[in-house]
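Engineer: A single structure is presented below for examination.
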């Protein structure tokens, strides 16, 4: 073990000429363990594990510093779309780099940011005509929340009382204080409760564990009644409803029942409340449509996008809104109706250039059309998982395959989190060349959209084998 950071760095410089030697790998791990703090990672466990260090990628594959190849089964946390080292995006970034990498967006504009805004408004749901750039999903959503708040303040009169929000139990919208206020995952968020602003929480519309013990579609979306009740009683103080369309992602990959989003849109309109949709995870083709809200033909008032926006290359996000909301912020300088928000890298040229190339590939390669056969293939291959003892529920939306592991199938009882069942399966998958990351007892396969039928089939087979390789003797078959 090398304790001196300077000596570690000097060793690193000596070894870096050969990036696949065991000694280089070990030294990188040493540096990592004594200098880094990884997100959503228990670092005490990290110190005793054998972490991967990624050295390169191509297509749907990643290679570590020991030369081992893996399928990128979670698209590098749901961001990669067309694969790693996509030449068109590489070239777009290089071309832009040769012009300028960044200039401020405060008081200035730039070519790729203008062009990208035009493209985004062309492909976005109806009436979303204004684009506000940021750099990550949490920020994009927080911007939307602030826009909604300030919009009602500008309306004057009784409408200035609309300062609260409705969000969902088990939702995840990010890690800033504002977005955590909207979230509903106790493990992530309860510690910080005293910092949050007040929100109304309603039950997530999860059919597998329906809180009303009903069956879809005979339930007639009774789960939406709690939202209707809150809006009837409190709409005068509610600025917006905030939700993820199609699927609650980090909150357990809960697929929403058909028609639920339409019901929410109708209620928001009826009670004069804005609808903010968080498509950070679901946007840019993940659900088989460019945006998940298109599946039910719903148009939000505010839309937050990020992750796949640049094809998995650079951090870039955007908040889109309507002309009506935008115009509420217009006025003379001294009225101070300006939206006072921004950051140093707003509208960054490199990120916008990558995003433009990403969207051009969607069009050139007809990504959304070719995706449909892959979605059907995934559905067919996942249908056999029901027979595996610990699998309580299999669900899918677009090219997102979801396996929920349970200790008791009959009663749908989950494994205690401390048993690390999801982690165990992911470790088995890693041995077989597939990288995925669990959400507790939920396994999510979200490969790049460019995955071929053969690659997708092999990933699903590895996932199946990895589940079977674990010890499930404590399960109750029901």
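Numbering (the working numbering), first residue to last: 164 to 641. Glycine is no exception: its CB is placed at the ideal position from the N, C-alpha and C atoms.
1. With burial defined as no fewer than 16 other Cβ atoms inside 10 Å of the residue's Cβ, what is the status of residue 277: buried or exposed?
2. What residues are listed by DSSP as bridge partners for residue 406?
3. Straight-line CA distance for residue 637 to residue 578?
4. Taking all protein chains shown into account, decide if residue 601 is buried (16 or more other Cβ within 10 angstroms of its Cβ) or exposed.
5. Residue 440 and residue 463: beta carbons closer than 7 angstroms?
6. On a Cα-Cα basis, can you pick out the residue from 223, 240, 196 that is closest to residue 233?
7. Quick one: what's got a C-beta closer than 8 angstroms to residue 620's C-beta in the same chain, skipping five residues either side?
8. Answer yes or no: do residue 297 and residue 286 have a C-beta to C-beta separation smaller than 7 angstroms?
9. When you compare the CB positions of residue 228 and residue 216, do they come within less than 7 angstroms of one another, or not?
10. Tell me whether residue 319 sits in a helix, a strand or coil according to DSSP, three-state version.
11. How would you write the range of the alpha helix (DSSP H) that residue 277 sits in, first residue to last?
12. Of the choices 245, 564, 571, 526, whose alpha-carbon is the least far from that of residue 626?
13. Using 7 angstroms as the threshold, is the C-beta distance between residue 484 and residue 465 below it?
14. Rounded to whole angstroms, what's the CA-CA distance from residue 430 to residue 449? Just pull it up for me.
15. For residue 398, I'd like the list of residues in its chain whose CB is within less than 7 angstroms of its CB, leaving aside the five on either flank, ordered along the chain.
16. Quick check on DSSP: helix, strand or coil for residue 197?
17. Confirm, please, whether the CB-CB distance from residue 337 to residue 304 is below 7 angstroms.
18. Starting from residue 226, trace the alpha helix (DSSP H) in both directions and tell me its first and last residue.
19. Grab the span of the beta strand (DSSP E) containing residue 235 for me, first residue to last.
20. Assign residue 295 to one of three DSSP states: helix, strand, or coil.
21. When the Cα atoms are used, what is the spatial distance from residue 380 to residue 238?
22. Out of curiosity, what's the CA-to-CA distance linking residue 576 and residue 392?
23. Check whether the Cβ atoms of residue 608 and residue 236 sit closer than 7 angstroms, and answer yes or no.
24. Closest to residue 553 by CA distance: which of 542, 538, 562, 572 is it?
25. Assuming residue 282 contacts residue 519 (C-beta within less than 8 angstroms), just tell me the rounded distance between them.
26. With a threshold of 7 angstroms on Cβ separation, who are the neighbours of residue 324 within its own chain once the five nearest residues in sequence on each side are excluded?
27. Give a yes or no on whether the C-beta atoms belonging to residue 531 and residue 566 are separated by under 7 angstroms.
28. Does the count of Cβ pairs from the stretch 372-386 and the stretch 402-413 closer than 8 angstroms reach three?
29. Specify the secondary structure class of residue 188 as computed by DSSP and reduced to three states.
30. Return the residue from the list 500, 639, 206 that minimises the CA-CA distance to residue 315.
31. In angstroms with no decimal places, state the Cα-to-Cα distance between residue 674 and residue 243.
32. Is residue 415 helix, strand or coil when you go by DSSP?
33. At which residues does the alpha helix (DSSP H) containing residue 539 begin and terminate?
34. Suppose only complete runs of 4+ residues qualify. What are the alpha helix (DSSP H) ranges in the stretch 338-403, listed by chain order?
35. For residue 294, which option in 428, 268, 396, 260 has the closest C-alpha, if you only look at C-alpha atoms?
36. With DSSP as the reference, identify every bridge partner of residue 329, one or two as the case may be.
Structural biologist: Let's see:
1. Here residue 277 refers to the residue found at position 114 of the chain shown. Exposure of residue 277 is indicated by the presence of fewer than 16 other C-beta atoms within 10 angstroms of its C-beta.
2. Numbered from its first residue, the chain shown carries residue 406 at position 243. BP columns for residue 406 point to 440.
3. The count along the chain shown starts at 1 and reaches residue 637 at position 474. The count along the chain shown starts at 1 and reaches residue 578 at position 415. Distance between the alpha carbons of residue 637 and residue 578 is about 10 angstroms.
4. Within the chain shown, numbered from 1, the residue matching residue 601 stands at position 438. Under this definition residue 601 is a buried residue.
5. What you label residue 440 is simply residue 277 of the chain shown in a count that begins at 1. What you label residue 463 is simply residue 300 of the chain shown in a count that begins at 1. Note that the C-beta distance between residue 440 and residue 463 is below 7 angstroms.
6. Reading the chain shown from its first residue, position 70 is the one you call residue 233. Closest option to residue 233, Cα to Cα, is 223.
7. The residue given as residue 620 occupies position 457 in the chain shown. By the criterion of a C-beta distance shorter than 8 angstroms, residue 620 is surrounded in its chain by 540, 544, once the five residues flanking it on both sides are discounted.
8. In the chain shown, counting from the first residue as 1, residue 297 sits at position 134. In the chain shown, counting from the first residue as 1, residue 286 sits at position 123. No.
9. Translated into the one-based positions of the chain shown, residue 228 becomes position 65. Translated into the one-based positions of the chain shown, residue 216 becomes position 53. Yes; because the gap between Cβ atoms is below 7 angstroms, this pair is in contact.
10. Along the chain shown, one-based indexing puts residue 319 at 156. Judged by DSSP in its simplified three-state form, residue 319 adopts coil rather than helix or strand.
11. Along the chain shown, read from residue 1 onward, the residue named residue 277 stands at position 114. Annotation for residue 277: the continuous alpha helix (DSSP H) segment containing it runs 274-286.
12. Your numbering for residue 626 matches position 463 in the chain shown. Ranking 245, 564, 571, 526 by Cα distance to residue 626 puts 564 first.
13. If you number the chain shown from 1, residue 484 lands on position 321. If you number the chain shown from 1, residue 465 lands on position 302. Between residue 484 and residue 465, the C-beta gap is smaller than 7 angstroms, which places the two residues in contact.
14. As a working mapping, residue 430 is identified with position 267 in the chain shown. As a working mapping, residue 449 is identified with position 286 in the chain shown. Within the model, the alpha-carbon separation for residue 430 versus residue 449 is close to 26 angstroms.
15. Translated into the one-based positions of the chain shown, residue 398 becomes position 235. Only 434, 435, 436 meet the Cβ criterion.
16. Reading the chain shown from its first residue, position 34 is the one you call residue 197. Secondary structure at residue 197: helix, using DSSP grouped into helix, strand and coil.
17. Walking along the chain shown from the start, residue 304 turns up at place 141. Walking along the chain shown from the start, residue 337 turns up at place 174. The answer is yes: Cβ separation under 7 angstroms.
18. To locate residue 226, count along the chain shown from 1; it is residue 63. No alpha helix (DSSP H) contains residue 226, which is instead part of the beta strand (DSSP E) from 224-227.
19. The residue given as residue 235 occupies position 72 in the chain shown. Taken as a continuous stretch (DSSP letters only), the beta strand (DSSP E) holding residue 235 covers 232-235.
20. Translated into positions along the chain shown, residue 295 becomes position 132. It is a strand residue.
21. For this step, residue 380 is matched to residue 217 along the chain shown. For this step, residue 238 is matched to residue 75 along the chain shown. Roughly 33 angstroms separates the two Cα atoms.
22. What you label residue 576 is simply residue 413 of the chain shown in a count that begins at 1. What you label residue 392 is simply residue 229 of the chain shown in a count that begins at 1. Their Cα atoms are separated by approximately 30 angstroms.
23. Residue mapping note: residue 608 aligns to position 445 of the chain shown, counting from 1. Residue mapping note: residue 236 aligns to position 73 of the chain shown, counting from 1. Yes.
24. For the purposes of this step, residue 553 is identified with residue 390 of the chain shown, where counting begins at 1. Cα-wise, what sits closest to residue 553 is 572.
25. As a working note, residue 282 is residue 119 in the chain shown. As a working note, residue 519 is residue 356 in the chain shown. With a beta-carbon spacing of about 7 angstroms, residue 282 and residue 519 fall inside the 8 angstroms limit used to define contacts.
26. Position 161 of the chain shown holds residue 324. Sequence-distant partners of residue 324 (beyond 5 residues in either direction) whose C-beta falls short of 7 angstroms from its own C-beta, in its chain, are 399, 400.
27. Position 368 of the chain shown holds residue 531. Position 403 of the chain shown holds residue 566. No, the Cβ-Cβ distance between residue 531 and residue 566 is not below 7 angstroms.
28. With a cut-off of 8 angstroms, the stretch 402-413 and the stretch 372-386 do not count as touching, because too few Cβ pairs lie within range.
29. Locating residue 188 in the chain shown gives position 25, counting from the first residue. The answer is helix: DSSP assigns residue 188 an H, G or I state.
30. Against the chain shown, residue 315 aligns to sequence position 152. Checking every option, the nearest Cα to that of residue 315 belongs to 500.
31. Since the displayed the chain opens at 164 and closes at 641, residue 674 lies outside it and no answer follows.
32. The residue labelled residue 415 in the question sits at position 252 within the chain shown. In the structure shown, residue 415 sits in coil (DSSP, three-state: anything other than H, G, I, E or B).
33. Numbered from 1 along the chain shown, position 376 holds the residue referred to as residue 539. Per DSSP, residue 539 belongs to the alpha helix (DSSP H) from 530-545.
34. With a minimum length of 4 residues, the continuous alpha helix (DSSP H) runs that stay inside the stretch 338-403 are 340-345, 349-352, 388-397.
35. Within the chain shown, numbered from 1, the residue matching residue 294 stands at position 131. Looking at the Cα atoms, 268 is the closest of the given residues.
36. The residue you call residue 329 lines up with position 166 of the chain shown. Residue 329 is bridged to 363, 404.
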